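Student:
Number of protein chains: 2
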Amino acid sequence: MLTSVDPDLIRVLGDPLRLQIVTLLARETLCTTHLVEETGAKQTNLSNHMKVLREAGVVETEPCGRFTYYKLRPEVLAGLSEQFAALAESACSAAENKRACP
Amino acid sequence: MLTSVDPDLIRVLGDPLRLQIVTLLARETLCTTHLVEETGAKQTNLSNHMKVLREAGVVETEPCGRFTYYKLRPEVLAGLSEQFAALAESACSAAENKRACP
DNA sequence: CGCTGGTATCAGCAGGCAATGATGTGAAAG
DNA sequence: CTTTCACATCATTGCCTGCTGATACCAGCG
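Chains as they are written, first to last, in the numbering used here: chain A, 14 to 115; chain B, 14 to 115.
1. How is P76/B classed by DSSP in three states: helix, strand or coil?
2. Please say whether C105/B and N29/A have beta carbons closer to each other than 8 angstroms?
3. Under the rule that 16 or more other beta-carbon atoms within 10 Å means buried, what is G53/A, buried or exposed?
4. I'd like to know if T36/A contacts chain B, where contact means its C-beta is closer than 8 angstroms to some C-beta of that chain.
5. Looking only at DSSP bridge pairs, what is C105/B linked to?
6. May I ask you to verify whether the stretch 90-106 of chain A touches the stretch 80-95 of chain B, counting CB pairs closer than 8 angstroms and requiring at least 3?
7. Taking K64/A as the reference, give the member of T45/A, A99/A and A39/A with the closest Cα.
8. Grab me the residues of E51/B's own chain with a C-beta within less than 6 angstroms of its C-beta, minus the 5 sequence neighbours each way, in chain order.
9. Of all Cβ atoms in chain A, is any one closer than 8 angstroms to the Cβ of Y83/B?
10. Tell me whether K84/A sits in a helix, a strand or coil according to DSSP, three-state version.
11. Who pairs with K111/B in a beta bridge, going by DSSP?
12. Would you call R67/B buried or exposed, if buried means 16 or more other Cβ atoms sit within 10 Å of its Cβ?
13. Are any of the Cβ atoms in chain B nearer than 8 angstroms to that of T52/A?
14. For V49/A, name the three-state secondary structure that DSSP assigns.
15. Of the choices A108/B, A113/B and C114/B, whose alpha-carbon is the least far from that of V35/A?
16. For the alpha helix (DSSP H) holding E70/B, just list the boundary residues, first then last.
17. I'd like the list of long-range same chain contacts for Y82/A, defined as Cβ closer than 8 angstroms, with 5 residues on each side in sequence excluded.
18. Anything in chain B within Cβ reach of P87/A, meaning under 7 angstroms, just list it in chain order.
19. When you compare the CB positions of V13/B and L32/A, do they come within less than 8 angstroms of one another, or not?
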């Protein structure tokens with residue numbers, strides 16, 4: 014069966030700020046303070062987005078004293094990559110698969 | 014430099030109906046009538062989403078008499094796949110790259 | 001031609017979600 | 001023990017966007 018991509022996961026990554034966070038976390042593990050500095054967003058706003066990313070399984074939290082470090086879960090991104098690759102391959106092979114006009 | 018994923022493109026694919034359309038088009042080239050049947054959405058709604066997908070460069074239109082066929086552009090999906098793969102790889106190698114607490 | 005059917009565009013409405021401010025919690029520093 | 005700082009949660013507001021109905025456009029067909 015054609016494994017469709019999870020809409021919720023893409024929706025989560027569709028927000029520009031969240032995508033920026035993910036891009037930053039792809040470089041290094043950061044805590045909220047760093048993310049506030051890098052993105053310029055308010056702490057509350059960041060915390061909201063981090064909650065969304067956490068519940069979507071994109072990031073993991075790692076408490077360190079008073080700080081909370083966030084790190085990416087690469088397997089989620091890798092899974093997305095595979096799903097898109099599968100879609101692309103399917104689209105390639107089905108390019109001439111045209112259903113007749115009704 | 015780390016080529017970040019295009020937020021607009023992901024946002025476009027983040028809508029459940031649009032993702033369903035893309036999944037359907039990955040199997041075969043279809044015209045609006047078919048998509049209306051498959052998705053159960055109104056024609057107007059479909060047409061709006063097709064416009065978004067077209068402007069995002071995800072699909073191509075191919076007029077055929079009174080009908081308009083839509084087909085996917087696999088290279089866009091393949092590009093997305095590569096970008097996510099790059100992010101995942103970067104995240105893997107940067108897992109231990111932890112910035113110091115301020 | 002005029003008619004019919006397929007498709008695109010436009011205007012309006014309603015729901016959802018992101019941004020903000022106030023507040024709570026928990027851990028170190030003094 | 002009190003204060004301070006990092007972070008999370010809650011409630012509110014405002015905007016964005018997806019859905020709908022009406023309408024215009026274009027291609028065949030009679």
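No residue lacks a Cβ here, since even glycine has one placed at the ideal position from N, Cα and C.
The structure presented is a predicted model; accordingly, all values stated were derived computationally and were not measured.
Tutor: Let me lay it out:
1. Assigned with DSSP and collapsed to three states, P76/B falls in strand.
2. The sequence shown places Pro at residue 29/A, rather than the Asn named in the question. With contacts defined by Cβ atoms closer than 8 angstroms, P29/A and C105/B do not form a contacting pair.
3. That one is exposed.
4. Interface residue, yes.
5. Answer by DSSP bridge pairing: none, since C105/B is not bridged.
6. The stretch 90-106 of chain A, when compared against the stretch 80-95 of chain B, does touch it at the 8 angstroms Cβ threshold.
7. When the alpha-carbon of K64/A is set against those of T45/A, A99/A and A39/A, the nearest one is in T45/A.
8. Counting only residues of its own chain and dropping the five nearest sequence neighbours on each side, E51/B has a CB closer than 6 angstroms to the CB of L37.
9. Chain A contact via Cβ: absent.
10. Secondary structure at K84/A: strand, using DSSP grouped into helix, strand and coil.
11. DSSP lists T42/A as partners of K111/B.
12. The residue is exposed, with fewer than 16 neighbouring Cβ atoms inside 10 Å.
13. No, T52/A lies away from the interface with chain B (no Cβ there is under 8 angstroms from its Cβ).
14. Correct three-state label for V49/A: helix.
15. Looking at the Cα atoms, A108/B is the closest of the given residues.
16. Here residue 70/B is Gly; the residue named in the question, Glu, does not match the sequence. Here G70/B belongs to no alpha helix (DSSP H), and DSSP marks it neither H nor E.
17. Within the same chain, Y82/A has close Cβ partners T42, L43, C44, T74, E75 and P76.
18. Those within 7 angstroms of P87/A in chain B are A101, A104 and C105.
19. The question about residue 13/B has no answer here: the residues shown for chain B are numbered 14 through 115.
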